[in-house]
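For the sequence shown, UniProt numbering assigns the number 1 to the initial residue and increments by one for each residue that follows.
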Amino acid sequence: MSLRQIRKLRKELEKDSSEPESPPKVTITSRPPRFSFNMLNDDDSDETSSSESESSDVSNPSSDDIVSEDSVDSQPSEDSDWEKLLEGECEFAEEKGTLAGNTFDDKRHFLSSSIQDFRCKEIGGAPGNARFKKSLLKSNNRYWLCPGVSTRELMSLRALCLRQLRIDVDSTHERETFLLYLNDSYREVDEICHVAVNSQDFELFRRLLESHPFHLGILTRASSINTISNNHEEAFKHLYLGVRMIQTVLPSKFSLDHLNSSGLPNVWMPSKLEDNIVIYRLLLLYMISLERQGQWSVALAICKLLIAMDFPEDTCHGILHVDLYILNHEKDPNSIPRFIFNYCKQIEYTLPPLHLFLPNFAFSLPLQLFLHNTIDEEVPILEQERLLEIKKLLKKTLLLVEDATGVSFSPKTEFEEYLELLKDLGVYAPYLFLLRSLLTFPQFIVRMAEKHTSNLELRSIASQDFFSVWNDYEDSDFDSQLVRCYITKSGDLWTGKNGSFLCNTALLLVELLNDPDCKSALESFQALWSAYMDEVDLPEYLFQVSATEFDLSTYSLPMQLEIA
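This is the structure in structure tokens:
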């Protein structure tokens, strides 16, 4: 050991003996650390980054006030770690719900949705790249309609939206009511926009859009014009901006997680009161735009929200859209019947179960069962042995009860009764439920044959006596109009394997009509069902439906929501 090293060790020894022992210092700070998994990979992780300011100057609103999503995503930030954590958590929750028989949302109201269901993928992003910001995790109960918006953008949008409208809460009644009020400046610009559109002065409309890029009325009309021009990407951008704006002024009481005195989510905003129609137009167009992109989760969440906002009315006709969204999004094979019977219970059984008088539910229910059938091949229902088994189950399927007084129609109104019937029908359940639907809406076969003219088998079935009589009927009656609306929206689902399912069931019905006993039961059902429905007071909004509301290429708003 060198002399220099000996001297160094001696100095350290003397220093240790001269200093008294003291406990280690503990520094207490109220500022939480900024966590990031990137620290594990970065050598310079000891350096702390300064927090970004979330305040924004909204004294001079312009398009620059809004932080674009692209610019936010392009900057390196720690949000990516939170996104990975949240995505993993959502996947685990979904998997857990599936394994448990979809009991994950059993405690949630059937018209309510989780904040993850409102998570929207913007056009142009990577598939499945729906981002959550850290701000969402901190305030996920406040801005749930369009989650993932930064605090800075929320404050800017709120200031811009408050210059156009306000939303008040009326708590004087048992059921809290939300009312939207437009201010004078909004009405003035909206009137000019109305003149520009009606006179087809698109140069004036373009200047209005440039000078008022955050006006909700202009954004709604701009989306409709872009839809007609087949520019769906621009149409969605206008609607997405409008939804982000409107969520910033929704009162905190406007919540899907809290139930009002009627046992519904506390979001009642009747479409017939004040200026509430503005938000209905925006959300309905947003829902259709999401459907066009195949974003079924968000479309379903928005559709259920619209139903809850106007319940028991349904100005948006959401009840005629929701089955398609459930069919495409939900993994539970009983999700459609669960919605049907929950709705029936919510309206206190003033209406029969939806599948008994609405063709969209009548055909979506057996289709969902068929698609979730674990059997790879179709059941050969036309074989003699199968026919004998089906004939034994026919009266139970048709809900016919025979006693000393005769035969009566006894519809099931409880979900548990439906599950019991489903168990009794076994593998024949999809076919027998579809057969019952064809008995109630036989014009479906005729209209489908008109739509799919290349399907020779379907055209041959449509020429059978039981179906061909509907060729001469006009679509002015209630049932035929709703059937046409359903075919416009979901007719393409009944092709390929699903088309074979439809044709085989229709052939089964024709075969059963040739049996005297079965024919008697089938005719009794039709007569009793018609008499039963004649006693039902159907809601008025179902008689104001147009097929153009369900055509994605030339979509038009319902009559009550048309922009004047």
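Think of the CB as a built atom: it goes at the ideal place given N, C-alpha and C, for glycine as much as any other residue.
| Asked | Found |
| --- | --- |
| Since Phe-363 and Val-536 are thought to touch, with beta carbons under 8 Å apart, how far apart are those beta carbons, to the nearest angstrom? | Incorrect: roughly 20 Å between the Cβ atoms, too far for contact. |
| Look at Ile-307 and Leu-283 and say whether their C-beta atoms are less than 7 Å apart. | no |
| Please report the distance separating the alpha-carbon of residue 627 from that of His-173. | Because the chain here runs from 1 to 564, residue 627 falls outside it and cannot be looked at. |
| In the DSSP assignment, find the unbroken beta strand (DSSP E) run with His-258 in it and report its ends. | 255–259 |
| Are the CB atoms of Leu-387 and Ile-279 within a distance shorter than 7 Å? | no |
| Considering only residues of the same chain and omitting the five flanking positions on each side of Val-545, which have a CB-CB separation below 8 Å? | His-317, Leu-320, Gln-481, Leu-482, Cys-485 and Pro-558 |
| Who are the Cβ neighbours of His-238 in its own chain at under 8 Å, not counting the five residues just before and after it? | Leu-219, Thr-220, Ala-222, Ser-223 and Asn-226 |
| Distance check for Tyr-418 and Ser-59, CA to CA, integer angstroms please. | Confidence is the limiting factor: at Ser-59 the pLDDT is only 40, short of 50, which leaves the residue's position unreliable and the question unanswerable from this model. |
| On the three-state DSSP scale, how would you describe Thr-177? | strand |
| Whole-angstrom Cβ separation of Ala-506 and Leu-438, contact assumed at under 8 Å? | 6 Å |
| Is it buried or exposed, Asp-492, if we count other Cβ atoms within 10 angstroms and call 16 or more buried? | exposed |
| Determine, using beta carbons only, whether Thr-315 and Ser-252 come nearer to each other than 7 Å. | no |
| Would a C-beta distance cut-off of 7 Å place Phe-467 and Phe-415 closer than the cut-off? | no |
| Rounded to the nearest angstrom, what separates Cys-518 and Pro-312 at their Cα positions? | 39 Å |
| Is it true that the stretch 254–271 meets the stretch 183–202, where meeting means three or more beta-carbon pairs spaced less than 8 Å apart? | no |
| In whole angstroms, give me the CA-to-CA distance for Thr-405 and Asp-323. | 38 Å |
| Give me, in chain order, the residues of the same chain whose beta-carbon lies closer than 7 Å to that of Ile-259; leave out the 5 immediate sequence neighbours on both sides. | The question names Ile, but residue 259 in the sequence shown is Leu. The answer, listed in chain order, is His-109, Pro-265 and Asn-266. |
| Cα separation between Val-195 and Thr-151? | 36 Å |
| Below 7 Å CB to CB, which residues in the same chain sit around Gln-384 once its five sequence neighbours on both sides are set aside? | none |
| By Cβ distance below 6 Å, which residues in the same chain neighbour Ala-521 in space, the five residues on each side in sequence not counted? | Leu-394 and Lys-395 |
| Report the CB separation of Leu-249 from Arg-158 in whole angstroms; it is logged as a contact under 8 Å. | Note that residue 249 is Val in the sequence shown here, rather than Leu. Yes, Val-249 and Arg-158 are in contact; Cβ-Cβ is about 6 Å, under 8 Å. |
| Do you know whose CA, among Arg-447, Asp-551, Pro-213 and Phe-370, lies nearest Pro-359's CA? | Arg-447 |
| On the three-state DSSP scale, how would you describe Ile-563? | coil |
| Would Asp-310 be called buried (16 or more neighbouring beta carbons within 10 Å of its own) or exposed? | buried |
| Specify, as a first and last residue, the run of the beta strand (DSSP E) that Glu-402 falls within. | 400–403 |
| Can you tell me whether Val-197 is helix, strand or coil according to DSSP? | helix |
| Please go through the stretch 429–492 and give each complete alpha helix (DSSP H) segment of 4 or more residues, from N-terminal end onward. | 429–440, 443–451, 456–462, 465–468 and 478–490 |
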